[in-house]
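Everything in the sequence shown is counted per the numbering used here, starting at 13 for the first residue and increasing by one.
Everything below concerns the one structure shown next.
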Amino acid sequence: MDVLLHAKKFGVRSLLLQGLTFLSVLTSAFMIWKGLSLFTNSESPVVVVLSGSMEPAYHRGDILFLHNGYTPIEVGEVVVYKLDDKPIPIVHRVIKVHTENETEKQYLLTKGDSNNADDRGLYNPGQLWIQRDEIIGRVKGFVPYAGMGTIWMNEYPQLKTGLLGALCVLSLFSND
């Protein structure tokens, strides 16, 4: 009942303005994401490291900035790739490159820095190499541990629900 009284106090115009402001923030974030995707030629220009397989280079929770240029990928580069049957992209270093002479098509073998074996066990059954079209991007920069909030929200869904609920309530009932 208090919510209805509060809504009447603000008035319909004020609530609509708050809703439109919220939608404009969401739209702006989407446009920035799509702009970054176009600029970097990557479907996902920013990713969070989810495991410790790339330590000591990158730690769990690091935010990585990606770019997917057209130059050939070289041994030693850290790439993010996504396989058809795996929902989460993988961040690993290229340890071998095979290039076809006629087509210049690249086949890559990857491995996590702290893993003992290459990634062939992670690839699709029967797949020995990943192809260039499976690469989301090459790592061009990072911010240490800045993505831990994302990991916590995925590991503790109650935290995500609470934060989203609090943001909605604050955006609807703020006086600005």
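Beta carbons are placed, not taken as given, at the ideal position from N, Cα and C, and that holds for glycine.
In this text, all values refer to a predicted model and were calculated from it rather than measured experimentally.
- Item | Expected contact under 8 Å - CB spacing of leucine 32 and valine 151 to nearest Å | The beta-carbon separation of leucine 32 and valine 151, rounded to 38 Å, does not stay under the 8 Å limit for a contact.
- Determine, using beta carbons only, whether leucine 120 and isoleucine 142 come nearer to each other than 7 Å. A contact, by the Cβ cut-off of 7 Å.
- Message: As an exercise, report each continuous beta strand (DSSP E) stretch of at least 3 residues that is fully enclosed by the stretch 131–158, in chain order.
- Response: For the stretch 131–158, whole beta strand (DSSP E) runs of length 3 or above, ordered along the chain, are 147–155.
- So, lysine 123 versus histidine 110, is the Cβ gap smaller than 7 Å? Contact flag unset, no.
- For valine 61 versus glutamate 89, is the C-beta distance shorter than 7 Å? No, the pair does not count as a contact, with Cβ atoms beyond the cut-off.
- When you compare only the Cα positions, how much space is there between threonine 115 and tyrosine 70? Whole-angstrom Cα-Cα distance: 34 Å.
- Message: Contact between the stretch 156–163 and the stretch 51–67 is defined here as three or more beta-carbon pairs at a separation below 8 Å; is this criterion met?
- Response: Three or more Cβ pairs closer than 8 Å define a contact, and the stretch 156–163 meets that threshold against the stretch 51–67.
- Message: Pull the bridge partners of isoleucine 102 from the DSSP assignment, please.
- Response: Answer by DSSP bridge pairing, in chain order: Tyr93.
- Which residue's Cα is closest to the Cα of isoleucine 75: Met66, Gly81, Thr83 and Tyr82? Ranking Met66, Gly81, Thr83 and Tyr82 by Cα distance to isoleucine 75 puts Met66 first.
- Message: Is the beta carbon of glycine 73 closer than 7 Å to that of isoleucine 163?
- Response: The criterion of a C-beta distance shorter than 7 Å is satisfied by isoleucine 163 and glycine 73.
- Task: Compute the Euclidean distance between the alpha carbons of alanine 7 and leucine 35, then round it to the nearest angstrom.
- Result: The displayed coordinates of the chain run from 13 to 188. Any statement about residue 7 would go beyond what the structure contains.
- Query: Closest by CA to aspartate 131, which one among Leu179, Ser49 and Ile102?
  - Reply: Of Leu179, Ser49 and Ile102, the residue nearest in Cα terms is Ile102.
- Task: Indicate the three-state DSSP secondary structure (helix, strand or coil) for threonine 122 in the structure shown.
- Result: Under the three-state reduction of DSSP, threonine 122 is assigned to strand.
- Looking at the structure shown, is lysine 108 part of a helix, part of a strand, or coil, going by DSSP? Looking at lysine 108 - three-state DSSP - the assignment turns out to be strand.
- Message: Cutting at 6 Å between CB atoms, please list the residues of its own chain near glycine 153, excluding the five before and the five after it.
- Response: Counting only Cβ-Cβ distances below 6 Å, and skipping sequence neighbours, we find Phe77.
- Message: Assuming the contact rule is C-beta atoms closer than 8 Å, isoleucine 85 and glutamine 118 should be a hit. Round their C-beta distance to whole Å, please.
- Response: Rounded to whole angstroms, the Cβ separation of isoleucine 85 and glutamine 118 is 6 Å, and the two are in contact under 8 Å.
- Just the C-alpha distance for glutamate 146 and leucine 95, rounded to the nearest angstrom, thanks. Between the alpha carbons of glutamate 146 and leucine 95 lies a distance of about 6 Å.
- Task: Leaving out five residues on either side along the sequence, give the residues of the same chain with a beta carbon under 7 Å from the beta carbon of leucine 182.
- Result: Closer than 7 Å at Cβ, skipping near neighbours: no residue.
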